[in-house]
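Before any comments, here is the structure.
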Amino acid sequence: RTLPVELTITLAVEGVPAKVTATVESPGTGNTGSLTFTAAADTAQGSYALTVRASAEGLDDQTQAFTLSVRPPPAVYLLLNPFVRTAQNTSATVDLEIQRISWEGDVTLSVTRVPDGIGASLEPAVTSGDTATLTLEVGNVAPGNYEVELLATGATGLETATVVFLTVTDSEEKGGAARSNRAHDSL
Numbered sequence: 001r002t003l004p005v006e007l008t009i010t011l012a013v014e015g016v017p018a019k020v021t022a023t024v025e026s027p028g029t030g031n032t033g034s035l036t037f038t039a040a041a042d043t044a045q046g047s048y049a050l051t052v053r054a055s056a057e058g059l060d061d062q063t064q065a066f067t068l069s070v071r072p073p074p075a076v077y078l079l080l081n082p083f084v085r086t087a088q089n090t091s092a093t094v095d096l097e098i099q100r101i102s103w104e105g106d107v108t109l110s111v112t113r114v115p116d117g118i119g120a121s122l123e124p125a126v127t128s129g130d131t132a133t134l135t136l137e138v139g140n141v142a143p144g145n146y147e148v149e150l151l152a153t154g155a156t157g158l159e160t161a162t163v164v165f166l167t168v169t170d171s172e173e174k175g176g177a178a179r180s181n182r183a184h185d186s187l
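Set out below in structure tokens:
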């Protein structure tokens with residue numbers, strides 16, 4: 001800007017959508033101002049045309065158009081078939097699909113709860129991809145229903161937990177072999 005120092009510049013934003021707050025820090029007699037936008041959780045997603053207006057007494061206003069994009073808050077989800085059936089002393093695999101909302105980066109997968117006599121491993125345990133595999137190694141545990149809890153952790157503060165419901169049958173029972181069906185569970 002090439003204005004006399006004694007002029008004070010004021011910024012204003014026009015066209016701010018409902019449930020969005022615009023915080024304006026005008027430059028005053030300086031050269032730099034700032035705009036900060038905060039959207040409520042229930043703000044309608046989309047793109048909004050806004051205008052920034054700079055005013056100074058005795059001069060024509062100057063405007064600049066720009067677009068504000070409102071996206072859903074960042075999240076991470078695990079999509080999987082949460083119901084697994086296998087016999088004692090066998091293994092079963094569960095395909096995991098990793099879904100990221102409004103962010104990119106690594107997701108760390110971990111098993112946070114597994115019953116005694118059952119082993120659980122994830123491959124890969126850290127991934128920038130969209131898939132992983134949970135392998136359940138079932139020992140000589142009593143037939144019955146068990147729960148294995150998984151945790152997906154993404155960018156700071158992003159995590160989701162889900163439970164795999166494991167039914168263990170007697171190794172002599174017909175139909176005790178592991179089976180995998182594709183279903184969808186998102187938390």
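Counting in our numbering, the sequence shown runs from 1 upward without gaps.
We put the beta carbon where it would ideally sit given N, CA and C, even for glycine.
Just so we're clear, the structure is a prediction, and the values are computed from it rather than from any experiment.
Practice prompt. Would you mind sorting Val168 into buried or exposed? The rule is 16 or more other CB atoms within 10 Å of its CB.
Written response: Position 168 of the sequence shown, counted from the start, is the residue given in the question as residue 168. Its Cβ being crowded by 16 or more others within 10 Å, Val168 is buried.
Item to complete: Within 10 angstroms of the Cβ of Leu150, are there 16 or more other Cβ atoms? Answer buried if so, exposed if not.
Response: Position 150 of the sequence shown holds residue 150. Classification for Leu150: buried.
Worksheet item: Within this structure, are the beta carbons of Leu35 and Ala56 separated by less than 8 Å?
Response: Position 35 of the sequence shown, counting from 1, holds the residue named residue 35. Position 56 of the sequence shown, counting from 1, holds the residue named residue 56. Cβ atoms of Leu35 and Ala56: not closer than 8 Å.
Discussion item. Please report the straight-line C-alpha distance between Val94 and Thr127, rounded to a whole angstrom.
Written reply: The residue given as residue 94 occupies position 94 in the sequence shown. The residue given as residue 127 occupies position 127 in the sequence shown. Computed Cα separation, rounded: 16 Å.
Worksheet item: Taking the DSSP output, what are the residues bridged to Ser26?
Response: Residue 26 sits at position 26 when you count from the first residue of the sequence shown. Ser26 is not bridged to any residue.
Worksheet item: Alpha carbon to alpha carbon, what distance is there between Pro27 and Ile9?
Response: Here the question's residue 9 lines up with position 9 in the sequence shown. Here the question's residue 27 lines up with position 27 in the sequence shown. Near 6 Å, if we compare the C-alpha coordinates of Pro27 and Ile9.
Item to complete: Just mark Val76 as buried or exposed, buried being the case when its beta carbon has 16 or more other beta carbons within 10 Å.
Response: On the sequence shown, position 76 is the one that residue 76 refers to. Val76 is classed as buried because its beta carbon has at least 16 other beta carbons within 10 Å across all chains shown.
Worksheet item: DSSP three-state call for Leu96: helix, strand or coil?
Response: Here residue 96 is taken as the residue at index 96 of the sequence shown, counted from 1. Looking at Leu96 - three-state DSSP - the assignment turns out to be strand.
Item to complete: Would you grab the beta carbon distance between Gly33 and Glu25 for me? Rounded to a whole angstrom, and I think it's under 8 Å.
Response: Within the sequence shown, numbered from 1, the residue matching residue 33 stands at position 33. Within the sequence shown, numbered from 1, the residue matching residue 25 stands at position 25. Contact flag correct, Cβ pair sits at about 5 Å.
Fill in: Length of the line joining the Cα atoms of Leu78 and Leu96
What you label residue 78 is simply residue 78 of the sequence shown in a count that begins at 1. What you label residue 96 is simply residue 96 of the sequence shown in a count that begins at 1. Those two C-alpha atoms are separated by around 6 Å.
Discussion item. Tell me the rounded alpha-carbon separation between Leu7 and Thr29.
Written reply: Position 7 of the sequence shown, counted from the start, is the residue given in the question as residue 7. Position 29 of the sequence shown, counted from the start, is the residue given in the question as residue 29. Each residue's Cα considered, the two are about 6 Å apart.
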